[in-house]
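Numbering (the UniProt record's numbering), first residue to last: 1 to 58.
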């Protein structure tokens, strides 16, 4: 299904591609960021994903 709630024409295979980075900023602070393209092999779809995580230990 597309964002307009119509059926999408898909291929027999599909996949996704993700790229990320994790960094220790300080002894108790970690920052993680990632970006992904989730529509490989899916005609009519263009789905992206972005994430940002911050973790602080105390």
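Positions of the beta carbon are idealized from the N, C-alpha and C atoms, including for glycine.
Practice problem: Would you please state the rounded distance, in angstroms, between the beta carbons of residue 55 and residue 30? I believe it to be under 8 Å. | Solution: In the chain shown, the residue the question calls residue 55 occupies position 55. In the chain shown, the residue the question calls residue 30 occupies position 30. With 8 Å as the limit, residue 55 and residue 30 qualify as a contact, their Cβ atoms being about 4 Å apart.
Exercise. Give every residue of the same chain whose Cβ lies closer than 6 Å to the Cβ of residue 45, excluding the five residues on either side of it in the sequence, and list them in chain order.
Key: Looking up residue 45 in the chain shown gives position 45. Closer than 6 Å at Cβ, skipping near neighbours: 8, 39.
Exercise. Quick one: grab the DSSP three-state call for residue 53.
Key: Counting from 1 along the chain shown, the entry for residue 53 is found at position 53. Strand.
Quiz item: Helix, strand or coil: how does DSSP classify residue 20 here?
Solution: For the purposes of this step, residue 20 is identified with residue 20 of the chain shown, where counting begins at 1. The answer is strand: DSSP assigns residue 20 an E or B state.
Self-check item: For residue 14: DSSP bridge partner residues
Solution: Taking the chain shown and counting its residues from 1, one reaches residue 14 at position 14. None, per the DSSP bridge assignment.
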